[in-house]
Amino acid sequence: MELILGWNGCCGKTVLVRFSQATIAVIAVVASLVILAMKLTAWWMTGSDAVLSDALESIVNVVASLMTLGAIRFAAKPADAEHPYGHGRAEFVSAAVEGGMLVATGTFIIIRCVSGMFAQSPPIAYTGIGLVLVIASGALNLALAWLMVSTGRRTESAALIADGMHVLSDSITTAAVIVGLVLIRFTEWFWIDPVIALALGCFLLSMGWRVAKGSVSRLIDRQDDGDIAKLTALLRRHLNGGGQTPTICSFDKARCRHDGSRHWIDMHLRLPPSMSVAQSHDIATVIEERAIAALGGGGEATAHCEPCQDRDCPCNRAASTS
C-alpha cells in the first residue's frame, strides 16, 4: 500500500512522491528521536514539569514508532501454513501495547505532579530558547501526525493510525505546554506548570485507555457496525426486487471481521431449490467478489448456499404452479 502526495513544482509541473507504510514508519522513528532530543533539551533549560511530561510522552512515541515499524513489516507477510489468515493482527497487538504505555506514562505524570505539590520545587529557570524548541517540536509533530494518520486511513493500518493519533495528541499536549510557558514568562505564575502537567497526565491516561480498548476489541473480533451495514445493504440489493442481479431468495448469518485492509466475510445465501450446483456456485462467486469490493477490495469471502424453504418465496410459488 502506498500514499501518493502531489504538489505543483517548478514550471507548473506536478511532483508526485510515493510513501509506503514502512517508509512512513521509518520517518516516524527518525522524527520521534529528533523531537525527543529537542524536548529533553528544553526541559534541561527550563526545569518545567510540563515540558518533562511532554518529553516523557515523546519517549513513548519513539518506542511506539519502533513497534509500529515492526508490526507493519510483520503484518505484511503473506499467509502461510501456520497463519492461514495472514499476520495482520500484529498491528492490533502493537496498538494495544502503545495504549498501555500511554496509560503508564499518564499515571507516572499524575503521581509525580501530586507528590510535587507537597515538595519544594525549584522555579523554572529560563523559557526563551526552551520555548522556541518546544514550538519547533510541536510543529514537527503536527506534520508527522498528519502524514501518519492520512496514510493509515488510506491503507487501513491500525498500527499506523494508532501511532499517528498518539503523535497528534503529543502535538496537543505540546500546545498546552507552550501556552503555559508563555503565561509563566509574562506573569511569573509558576503554579501553572504543575497544573498543566497534571492535566496532560489525565489526558494521556484517557487517550491510552481508548487506544488500548479499541485495539483489544479488534483482537477479540468485535463486530464492525459499518462493515456489516455495507455488507447487508449489498445483499439486500440482490434480493428479488432489489434491482441488482443475480438475485437470491434471502440471506442469513452475514458476518465479517478485518485485519487492517484485509476483510474476512462469510454469509448464507438461500437460492431456488431447482437451481443446479453449478448455477449456485456462479451466483455465490459474483456476490463474494462484490462483497469484498464493497468493504475495500482486500480479503476473502465465503458464501454458503442453501435451498430456499420459504413457501411464500416467488421461487417456490412458481414451482408449485408449474
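Residue numbers for the sequence shown follow the working numbering, beginning at 27 and rising by one.
C-beta: ideal position from N, C-alpha, C; glycine also.
Considering only the alpha carbon of each residue, which of the options lies closest to residue i?
i: S276; options: C334, I98, S163; result: C334
i: A169; options: G324, P104, I61; result: I61
i: Q270; options: A280, K279, A259; result: A259
i: V158; options: M64, K256, C339; result: M64
i: M127; options: W172, A102, V86, P104; result: V86
i: S306; options: R281, G324, P272, E315; result: P272
i: S91; options: W215, I53, F118, K103; result: I53
i: I291; options: L261, F134, V88; result: L261
i: M93; options: P104, R180, D189; result: D189
i: E314; options: D338, C341, C282; result: C282
i: C341; options: D196, G267, R179; result: G267
i: L257; options: P104, L66, H289; result: H289
Just reading off the alpha helix (DSSP H) that residue i is part of, what are its end residues?
i: G227; result: 218–245
i: I318; result: 303–320
i: H192; result: 184–213
Using beta-carbon positions only, say whether residue i and residue j come within less than 8 Å of one another.
i: I136; j: L78; result: no
i: L321; j: D253; result: yes
i: A238; j: G114; result: no
i: V55; j: L95; result: yes
i: I309; j: I274; result: yes
i: I198; j: A76; result: no
i: I187; j: V203; result: no
i: S241; j: Q47; result: no
i: S84; j: D219; result: no
i: L265; j: C139; result: no
i: D247; j: G112; result: no
i: V119; j: A97; result: yes
i: V88; j: L59; result: yes
Give every residue of the same chain whose Cβ lies closer than 6 Å to the Cβ of residue i, excluding the five residues on either side of it in the sequence, and list them in chain order.
i: H330; result: H294
i: G156; result: A68, M71, T72
i: A122; result: A238, S241, V242
Mind checking which residues open and close the beta strand (DSSP E) that includes residue i?
i: S74; result: It is not in any beta strand (DSSP E) - S74 carries neither H nor E in the DSSP assignment.
i: R179; result: Where R179 is concerned, there is no enclosing beta strand (DSSP E), although the alpha helix (DSSP H) it sits in stretches over 154–181.
i: R283; result: 276–285
Leaving out five residues before and five after residue i in sequence, what residues of the same chain have Cβ atoms less than 7 Å from its Cβ?
i: A57; result: L166, L170
i: T200; result: D80, V160, S163, G164, N167
So if DSSP puts residue i in a beta bridge, which residue, or which two residues, is it bridged to?
i: P333; result: L297
i: A327; result: I291
i: L265; result: I274
Leaving aside the five residues before and after residue i along the sequence, list all residues of the same chain whose C-beta is less than 8 Å from its C-beta, in chain order.
i: V129; result: L230, L231, G234, W235, A238
i: E332; result: H294, L295, R296, L297
i: C228; result: G132, I136
For chain C, find out if any of its Cβ atoms is closer than 8 Å to the Cβ of residue i; answer yes or no.
i: A130; result: No chain C is part of this structure, which consists of one protein chain only.
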